[in-house]
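See structure below.
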Amino acid sequence: MAEKNLTAAAGAGALALERVNAAPAQTWNRLRTNDVTLTVPARGRAGDVYFSLPRLFEGVECGMGPEVTAWVESQAADARYVEVPRGERRAEPIVVSVASGAGEVADTGVMVREGAEVTIVVAASAGEKDAEAEGDATAADPAAAPATSASLLRVIAEAGARVTIHEYLCPGADAQHLESVGIRAGRDARVEVRQYALGGGTVALGLAADLAGDRARFDLTQRYHAAGTEVLDVNEVVRMRGRNTRSELAYSGVLEDAAKKSLRTTIDLVHGARSAQGNEAETVLVLGDDVTNKTLPVILCDEDDVAGNHGATIGSVSPEQLAFLASRGLSRADAEELFSRAVFEDALMSAPCPEARAVVRGDSPLESSEEA
Amino acid sequence: MADQLLNVSALSAGTEDKPILHGVDLAVGAGECHVLMGPNGAGKSTLGHVIMGDPAYAVTGGSITFDGADVTELTSDKRSLAGIFLSYQAPVEVPGVPLYSFLRTICQMRPELKTTARKFRQRVGEIADQLELDQSFLMRELNVGFSGGEKKKIEMLQLLLLQPKLAILDETDSGLDVDALGIVSRGIQAYREQVGGALIVITHNTRILERLSVDRTHVMVHGHMVAEGDASLIADIDANGFERFERALGERDEACVDCPGCPKAGDAE
């Protein structure tokens, strides 16, 4: 829930970031779904000397908005720049690991040169908690920010590049994670993103993809699970500028208990993007009586010869599905657990590296013997 | 007859507003193969679903005994765990659940089938090969986007994995091409050979029966069980159709039309 982090005057060492994850096209304010305000720690960095990304990355739009970008740049111990040379197929994934318990913040820029290929993994886990520091801060000031991790990832994919991004997000139960991604795709570039939001106190996730080159393609699959009082806030924007560009956005998730989720997805068919096509679809399974689910799917269109579709399916397990699953030995409770487990099992099966697998195992209901 | 496994006695059932089955009797011995035939709308699929405990249907009379226990009031999941399996005519799509996760879960529900992930993967792989099912299907969502033939193969995969004592195959052959029908038939044959379970095959097509040794044949018309015989009845129906059974039932119903509160009122659809 975004509201729980609202603070009129953040405590000492804390900062309120406003208009985070703002949807490009706003709806009624009373729906409280246009954006979110987050309270984050603000550590003084005066006198520090650290590396910044090349200025080229400043022009890459990021999903969570400029305030988060500025905050991450001010808080990250260092920026990491990786360049994949022209035509190279990089076998080793680029891994970004952050732990909410340790309050880690990462600022990463990846330049994928023409025809190159790379896999990028962001793994955000609960990690070790600095218990003493945490306890002191909270006791002294209830308005202090919760333990916070963040990752700012900016990717420039030049013509014909192939980029696969895996995001595995599961901060601690009382912690929050900010995940902001910006992608610019050149001509014939192909970007595939798989996101797994597997719970944690608050996960705020934003992604902006700029399909600047003709025939660029963007595919995004997001699976999420939130239970208890967990909060998931998502804002994803695809700017389709090039001709014949394609984007496919597929979301599916399970919400239990009193979980709260807001999803804003926007496909922006910009003037000149002739023959561009974009689709977005979400399937939400609601398993709790106190769940709050908000979905804001938007297609913006300023070009005639384009196609954009969106849809959302929200509901519980259907009687036909329950009857079918019962005929295989699953009670209603077993069936509902199957849907939740499936998110984690899919995440585990798709995990490309040990860091990603560790995030899944850290908070999953999967048996430890499962991999035996 | 072998030891009795299933006994359906004077079973009447239907949906909330329509009676479908009228006093149906059916007895199946352990390891036997029974064929259930009848024209469209006879209530064959309904009988299969009622035996399975589908909550879409309510039992209004009679009883179902399975493996020595009265299961009439048991929920479908408990009947499944007791050893009854129903292969759906149109398997339900379950988005969000990968086939592999589903298979793993339904096996883990049964103590006798619990095993390590490694052995399970091996077992599933063997059966998938046997059914000529691409193993990449295991990562796809359950029944989502599969062709009719692929869905039926996945039903057979579950049958061979779960090894039930009784399998009810509800028109498993419908919508299959010749090659797929051959593969599914071999799957059913493997179930009989490896598990030795009993079968109730609901079908209009005798090709699926070519590889099976049929013990009894039953004929349903308008929710009534109207005839029973050995395997030769299948050839008879193939040659002459169901007309004589429908006519006989019509004459029987005319004879009792004056009977007030007749339980035979209402037809299956």
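First to last, the sequence lines map onto chains W and H.
Per this note's numbering: the first sequence = residues 20 to 391.
Per this note's numbering: the second sequence = residues 197 to 465.
Cβ coordinates follow ideal geometry from the N, Cα and C atoms, glycine included.
Since the structure is predicted, the reported quantities are computational estimates derived from the model, not experimental observations.
Reduced DSSP secondary structure (H/G/I, E/B, other) of W:Ala375 = Assigned with DSSP and collapsed to three states, W:Ala375 falls in helix.
Any idea if H:Met233 is buried or exposed, counting beta-carbon neighbours within 10 angstroms, 16 or more meaning buried?
-> So H:Met233 ends up on the buried side.
Could you tell me which residues DSSP pairs with H:His218 in its beta bridges?
-> Per DSSP, none; premise fails for H:His218.
Terminal residues of the beta strand (DSSP E) in which W:Val131 lies = It spans Val124 to Val131 - the beta strand (DSSP E) in which W:Val131 sits, taken as one unbroken run.
Helix, strand or coil at H:Thr301 [DSSP, three-state] = In the three-state DSSP reduction, H:Thr301 falls in the helix class (H, G or I).
Along chain H, which residues have their Cβ under 7 Å away from the Cβ of W:Gln340?
-> Chain H residues near W:Gln340: Val288 and Val290.
Under 8 Å by beta carbon: chain W residues contacting H:Met335 = In chain order, Met368 make up the part of chain W whose C-beta sits under 8 Å from the C-beta of H:Met335.
Return the Cβ separation of W:Ala216 and W:Leu188 in integer angstroms, given the expectation that the two are a contact with Cβ distance under 8 Å.
-> Yes, they are in contact, since the Cβ atoms of W:Ala216 and W:Leu188 sit about 5 Å apart, within 8 Å.
Drop a sphere of 10 angstroms on the beta-carbon of H:Gln390, count the other beta-carbons inside from all chains shown, and report buried for 16 or more, exposed for fewer.
-> By the neighbour-count criterion, in which 16 or more other beta carbons inside 10 Å mark a residue as buried, H:Gln390 falls on the exposed side.
So, is the C-beta of H:Met352 closer than 8 Å to a C-beta in chain W?
-> False, the Cβ-Cβ gap to chain W never drops below 8 Å.
Span of the alpha helix (DSSP H) around H:Val320 = Where H:Val320 is concerned, the enclosing alpha helix (DSSP H) stretches over Ala313 to Gln326.
Of all Cβ atoms in chain W, is any one closer than 8 Å to the Cβ of H:Leu282?
-> True, the Cβ-Cβ gap to chain W drops below 8 Å.
Is DSSP giving W:Thr355 helix, strand or coil here?
-> The amino acid occupying residue 355 of chain W in the given sequence is Glu; Thr does not appear at that position. In the structure shown, W:Glu355 sits in a helix (DSSP, three-state: H, G or I).
Presumed contact (8 Å Cβ cut-off) between W:Glu177 and W:Val131, rounded CB distance = For a cut-off of 8 Å, the C-beta gap from W:Glu177 to W:Val131 is around 6 Å, short enough to register as a contact.
Inspect the CB distances between the segment 345-358 of chain W and the segment 105-121 of chain W and report whether three or more fall short of 8 Å.
-> They do not touch, by the three-pair rule.
According to a CB-to-CB cut-off of less than 7 Å, which residues of the segment 160-177 of chain W neighbour chain H?
-> So the list is empty, because no residue satisfies the distance condition.
Mind pulling the chain W residues with CB within less than 8 Å of H:Ser332?
-> By Cβ distance, chain W contributes nothing, its closest Cβ being about 12 Å from H:Ser332, past 8 Å.
Buried versus exposed call for W:Phe70 [16 or more other C-beta atoms within 10 Å across all chains shown] = So W:Phe70 ends up on the exposed side.
Is the CB of H:Val293 under 8 Å away from at least one CB in chain W?
-> Yes, its Cβ sits closer than 8 Å to a Cβ of chain W.
Exposure label - W:Ser337; buried when at least 16 CB within 10 Å = So W:Ser337 ends up on the exposed side.
Whole-number beta carbon distance between H:Asn339 and H:Val288, since they are thought to touch under 8 Å | The C-beta separation of H:Val288 from H:Asn339 comes to about 6 Å, placing the pair in contact by the 8 Å criterion.
Amino acids of chain H, ordered along the chain, whose beta-carbon sits closer than 7 Å to that of W:Phe412 = With chain W covering only 20 through 391, there is no way to say anything about residue 412 of chain W.
Would you verify that the beta carbon of H:Thr268 is, or is not, closer than 8 Å to some beta carbon of chain W?
-> Chain W contact via Cβ: absent.
Within 10 angstroms of its Cβ, does H:Ala435 collect 16 or more other Cβ (buried), or is it exposed?
-> Flag for H:Ala435 reads exposed.
Below-8 Å beta-carbon distance, H:Leu277 vs any chain W residue = Cβ-Cβ to chain W under 8 Å: yes for H:Leu277.
Is H:Met248 helix, strand or coil by DSSP?
-> Of the three classes helix, strand and coil, the one that applies to H:Met248 here is helix, per DSSP.
Give me the Cα-Cα distance between W:Gly82 and W:His185, rounded to the nearest whole angstrom.
-> Approximately 16 Å between the Cα atoms of the pair.
Which residues of chain W have a Cβ atom closer than 9 Å to the Cβ of H:Arg306, listed in chain order?
-> Going along chain W in sequence order, the residues near H:Arg306 (Cβ under 9 Å) are Gly348.
Measure the Cβ-Cβ separation of W:Glu198 and W:Ala223 and say whether it is below 8 Å.
-> Contact: yes.
Quick one: grab the DSSP three-state call for W:Pro73.
-> Three-state result, W:Pro73: coil.
With DSSP as the reference, label W:Gly154 as helix, strand or coil.
-> For W:Gly154, the pLDDT reaches just 46, beneath the cut-off of 50, and the residue's location in the model is therefore unreliable, leaving the point undetermined.
Residue range of the unbroken alpha helix (DSSP H) whose run includes H:Phe262 | First-last for H:Phe262: Ala254 to Phe262, but that is the beta strand (DSSP E), not the alpha helix (DSSP H).
Could you name the residues that DSSP lists as bridge partners for W:Phe237?
-> Looking at the DSSP assignment, W:Phe237 forms a beta bridge with W:Val210 and W:Ser266.
Buried or exposed: W:Val257, going by 16 or more other Cβ atoms within 10 Å of its Cβ?
-> With 16 or more other CB atoms across the displayed protein chains lying within 10 angstroms of its CB, W:Val257 is buried.
Show which residues of chain H have a CB atom less than 8 Å away from the CB atom of W:Ser271.
-> The contacting residues are Pro291 and Gly292.
Report the option in W:Gly122, W:Gly134 and W:Glu86 whose CA atom is closest to the CA atom of W:Glu107.
-> Distances from the CA of W:Glu107 to each of W:Gly122, W:Gly134 and W:Glu86 were compared; the closest alpha carbon is that of W:Gly134.
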